[in-house]
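Asker:
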Amino acid sequence: NTITLLNAGRKMGIANQDMKRKLYVTSGLGGISGAQALAAVITGAVGVIAEVDPDAVTQRLTDGYIKTENVFEDLPALLERIRKAKKEQEAVALVFSGNVVDLWEAFVNNDIHVELGSDQTSLHNIDDLGYCPQGYSFADAAQLLNDNKEEFMAVVEESLCKHVVAINRLSDRGMYFWDYGNAFLKEAGDANADIWKDEETGLYKYPSYVEDIMGPMCFDYGFGPFRWVCCSGDLDDLWTSDKIAEDVLEEMLESAPESIHSQIKDNIRWISEAKEKIPLVGSRSRILYADAEGRIKIAKAFNDAIAKGLLKGEVVLGRDHHDVSGTDSPYRETANIYDGSRYTADMAVHNVIGDSFRGATWVSLHNGGGVGWGEVINGGFGMVLDGSPGAERRLKQMLHWDVNNGIARRSWARNSEAMETAERAMEENPRLKITMPNIADEDLVAKALENVKVKPKM
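So for the sequence shown, the working numbering puts the first residue at 516; every next one is plus one.
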């Protein structure tokens, strides 16, 4: 969420290293979406998040992600607080404990400029009340879903149409809106909302965040969410691992090409502030965005630290399925694959099988992650580092493949950033061979095909 928000601001020319006085409006305080509150604070923005489930608000208060004084049920009071926060350049996460459509309509009807907007309602999981229709409390919506699903779906569609109308109005005023890969665009389209730019070709008015932000600015350079868990459960191990990762990134920055400086700097900032700003929930774990080189160097440094006794226990490596190579989804991870193969669900399978051959401790292949059943194939892995030479050998082989398989796919799709990354990867490792695309002049291709006629099949 933090990296997405910063890069969205950069794309719109309203941010460099921070988002001071910029307003970001979205929804959701769930397991993934809850991090939006922290993202707003870390980037320096004024974040406003709508959450209709009171239990989710309570949970995030308990976790320390949000503060009681920043939760509002009264919209006029919230709008006044937003004006104050923007004026005073606060970095703050404000919460509307209510329906997101009501929030969007309040911005339409009041003179507050929204720079950035998105949505993280769980529209990919409507059957489990992933979207609450306007005009219903969360409890009432749950009752309606249980009693009369057909009527529930009808009011969801009506709500989505109003949802989109408000977003369109704010977009006309200059707001940059993106889909978070949660099936918002798909479900809005199915509800006959005014979401289409060209319905015949399946082109929406708004991009997926991977299509517009994370794909070209992170994934095509090999940067994606790299995770680790300190098995000792010791806080000191987590702080030590943070410092190890920060030192590796600082060293990488000295010789990195200019094209990836901002990605490395963003993650240095993230990991250096994590201890202070990220509440501890559950295991002693961390995530940051790194490319193949960064993941390998950080993992090797962890393995060395275990061998030397600087870390008290093993470290398990992993990543989000939302990554450079791990997932095939036309609505999210492969949304910026423009060669016609975005619907081809093979990369995730290749990754899982390739990871298993190269030393992963375990692998997984699953469906539906983040986007909805039947809309996505996800692959993942876990790798245990125990300080041994064998672990070092395995981490180098597996992490290199896990990232560069996706770089090859993105390069074949003629994504210029991925082509640059593939060329650099082959220079660094001469054993790596990626077939590079030949870029043809599109006018020349069109001219060559002018007189080609396709014979109908008999």
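The beta-carbon is built from N, C-alpha and C at its ideal position, and this holds for glycine as well.
1. Does DSSP classify F738 as helix, strand or coil?
2. Determine the direct distance from the alpha carbon of L631 to that of F896, and round the result to whole angstroms.
3. Let me check one thing: in DSSP terms, what residues is S801 bridge-paired to?
4. Quick check on the DSSP output: the beta strand (DSSP E) that includes A565 runs from which residue to which?
5. Which first and last residues belong to the beta strand (DSSP E) in which H881 is found?
6. Applying the 10 Å Cβ sphere with the 16-neighbour rule, what's the burial state of S612?
7. Anyone know if the C-beta pair for L553 and T517 falls short of 9 Å?
8. Return helix, strand or coil for N920, following the three-state DSSP convention.
9. Anyone know if the C-beta pair for G885 and S931 falls short of 9 Å?
10. Go ahead and pull the three-state DSSP assignment for G885.
11. State the beta-bridge partners of D870 as determined by DSSP.
12. Give the secondary structure of D598 by DSSP, where H, G and I count as helix, E and B as strand, and everything else as coil.
13. Can you list, in chain order, the stretches of the beta strand (DSSP E) that have 3 or more residues and sit fully within the stretch 521-586?
14. Please say whether S756 and Y695 have beta carbons closer to each other than 9 Å?
15. Indicate whether H865 and E848 have their beta-carbon atoms separated by less than 9 Å.
16. Which value, in whole angstroms, describes the spacing of the CA atoms of K815 and G579?
17. Taking the DSSP output, what are the residues bridged to W693?
18. Can you tell which of V960, E965 and N919 has its C-alpha closest to the C-alpha of A949?
19. Please work out which residues of its chain come closer than 7 Å, Cβ to Cβ, to L593, disregarding the five sequence neighbours upstream and downstream, and give them in chain order.
20. Would you call T577 buried or exposed, if buried means 16 or more other Cβ atoms sit within 10 Å of its Cβ?
21. Going by DSSP, what residues sit across from V960 in a beta bridge?
22. Among all the DSSP beta bridges, which residues are the ones paired with L900?
23. At the level of alpha carbons, what is the spacing between Y736 and S652?
24. Comparing C-alpha positions only, which one of E938, G887, G874 and E890 sits nearest to E907?
25. What separation, rounded to the nearest whole angstrom, lies between the Cα atoms of P591 and P731?
26. Please classify H776 as buried or exposed, where buried requires at least 16 other C-beta atoms within 10 Å of its C-beta.
27. Rounded to the nearest angstrom, how far is the Cβ of R810 from that of F741, given a contact under 8 Å?
28. Quick one: residues in its chain with C-beta nearer than 6 Å to the C-beta of F817, no 5 flanking neighbours on either side, listed in chain order?
29. How long is the line joining the alpha carbons of D626 and A706, rounded to whole angstroms?
30. Taking the alpha carbon of V572 as the point to measure from, which residue in I597, I557, T558 and S542 has its own alpha carbon closest?
31. Would you tell me roughly how many angstroms separate the C-alpha atoms of K911 and L538, rounded to the nearest one?
32. Determine the extent of the alpha helix (DSSP H) in which D727 is found, giving its start and end residues.
33. Would you mind reading off the limits of the alpha helix (DSSP H) that contains L753?
34. In three-state DSSP terms, what is K712?
35. Would you mind sorting V567 into buried or exposed? The rule is 16 or more other CB atoms within 10 Å of its CB.
36. Report buried or exposed for P794, applying the criterion of at least 16 other Cβ atoms within 10 angstroms of its Cβ.
Answerer: For this structure:
1. On the sequence shown, position 223 is the one that residue 738 refers to. It is coil, neither helix nor strand.
2. Position 381 of the sequence shown, counted from the start, is the residue given in the question as residue 896. Position 116 of the sequence shown, counted from the start, is the residue given in the question as residue 631. Answer to the nearest angstrom: the Cα atoms are 34 Å apart.
3. Against the sequence shown, residue 801 aligns to sequence position 286. One point to set straight first is that residue 801 is Arg, not Ser, in the sequence displayed. Beta-bridge pairing links R801 to W743.
4. The sequence position of residue 565 within the sequence shown is 50, counting from 1. Element bounds for A565: V561 to A565.
5. Your numbering for residue 881 matches position 366 in the sequence shown. Its beta strand (DSSP E) spans residues W877 to N882.
6. Taking the first residue of the sequence shown as 1, we reach residue 612 at position 97. Buried is the call here.
7. Translated into the one-based positions of the sequence shown, residue 553 becomes position 38. Translated into the one-based positions of the sequence shown, residue 517 becomes position 2. Contact: yes.
8. Position 405 of the sequence shown, counted from the start, is the residue given in the question as residue 920. Here N920 sits in helix by DSSP.
9. Within the sequence shown, numbered from 1, the residue matching residue 885 stands at position 370. Within the sequence shown, numbered from 1, the residue matching residue 931 stands at position 416. The answer is no: Cβ separation not under 9 Å.
10. The sequence position of residue 885 within the sequence shown is 370, counting from 1. Correct three-state label for G885: coil.
11. As a first step, residue 870 is located in the sequence shown; it is residue number 355 there, counting from the start. Per DSSP, none; premise fails for D870.
12. Walking along the sequence shown from the start, residue 598 turns up at place 83. Looking at the sequence shown, residue 598 is not Asp but Arg. In the structure shown, R598 sits in a helix (DSSP, three-state: H, G or I).
13. 538-542 and 561-565
14. Within the sequence shown, numbered from 1, the residue matching residue 695 stands at position 180. Within the sequence shown, numbered from 1, the residue matching residue 756 stands at position 241. No; because the gap between Cβ atoms is not below 9 Å, this pair is not in contact.
15. As a first step, residue 865 must be located in the sequence shown, where it is residue number 350. As a first step, residue 848 must be located in the sequence shown, where it is residue number 333. No; because the gap between Cβ atoms is not below 9 Å, this pair is not in contact.
16. Numbered from 1 along the sequence shown, position 300 holds the residue referred to as residue 815. Numbered from 1 along the sequence shown, position 64 holds the residue referred to as residue 579. For K815 and G579, the distance between alpha carbons rounds to 33 Å.
17. What you label residue 693 is simply residue 178 of the sequence shown in a count that begins at 1. Note: W693 sits in no beta bridge, so no partner.
18. Counting from 1 along the sequence shown, the entry for residue 949 is found at position 434. Note on residue identity: the sequence assigns Ile, not Ala, to residue 949. Residue N919 is the option with its Cα nearest to I949.
19. Start at 1 with the first residue of the sequence shown, and residue 593 comes out as number 78. So the list reads F587, L609 and F611, once near-sequence residues are dropped.
20. Mapped onto the sequence shown, residue 577 falls at position 62. Its Cβ having fewer than 16 others within 10 Å, T577 is exposed.
21. Numbered from 1 along the sequence shown, position 445 holds the residue referred to as residue 960. Per DSSP, none; premise fails for V960.
22. Counting from 1 along the sequence shown, the entry for residue 900 is found at position 385. DSSP lists V830 as partners of L900.
23. Position 221 of the sequence shown holds residue 736. Position 137 of the sequence shown holds residue 652. Cα to Cα, the separation comes out at about 43 Å.
24. Taking the first residue of the sequence shown as position 1, residue 907 is located at position 392. Ranking E938, G887, G874 and E890 by Cα distance to E907 puts G874 first.
25. Along the sequence shown, read from residue 1 onward, the residue named residue 591 stands at position 76. Along the sequence shown, read from residue 1 onward, the residue named residue 731 stands at position 216. When rounded, the distance between both Cα atoms is 39 Å.
26. Position 261 of the sequence shown holds residue 776. Exposed, because fewer than 16 other Cβ atoms sit within 10 Å of the Cβ of H776.
27. Sequence index remark: in the sequence shown, residue 810 carries index 295 (1-based). Sequence index remark: in the sequence shown, residue 741 carries index 226 (1-based). At roughly 5 Å, the Cβ-Cβ gap stays under 8 Å, so R810 and F741 are in contact.
28. Mapped onto the sequence shown, residue 817 falls at position 302. Answer for F817: V830 and L900, listed in chain order.
29. Taking the sequence shown and counting its residues from 1, one reaches residue 626 at position 111. Taking the sequence shown and counting its residues from 1, one reaches residue 706 at position 191. Going by C-alpha positions, D626 is about 29 Å away from A706.
30. Within the sequence shown, residue 572 is the residue found at index 57, counting from 1. V572 has its Cα closest to that of S542, out of I597, I557, T558 and S542.
31. The sequence position of residue 911 within the sequence shown is 396, counting from 1. The sequence position of residue 538 within the sequence shown is 23, counting from 1. So the alpha carbons of these two residues sit roughly 42 Å apart.
32. In the sequence shown, the residue the question calls residue 727 occupies position 212. Unbroken run through D727: none, as it is neither H nor E.
33. Here residue 753 refers to the residue found at position 238 of the sequence shown. L753 -> alpha helix (DSSP H) spans L750 to S770.
34. As a first step, residue 712 must be located in the sequence shown, where it is residue number 197. If DSSP states are grouped into helix, strand and coil, K712 belongs with the strands.
35. Stepping through the sequence shown from its first residue, residue 567 is reached at position 52. Buried, since its Cβ has 16 or more Cβ neighbours within 10 Å.
36. Residue numbering aside, residue 794 sits at position 279 when the sequence shown is read from its first letter. That one is exposed.
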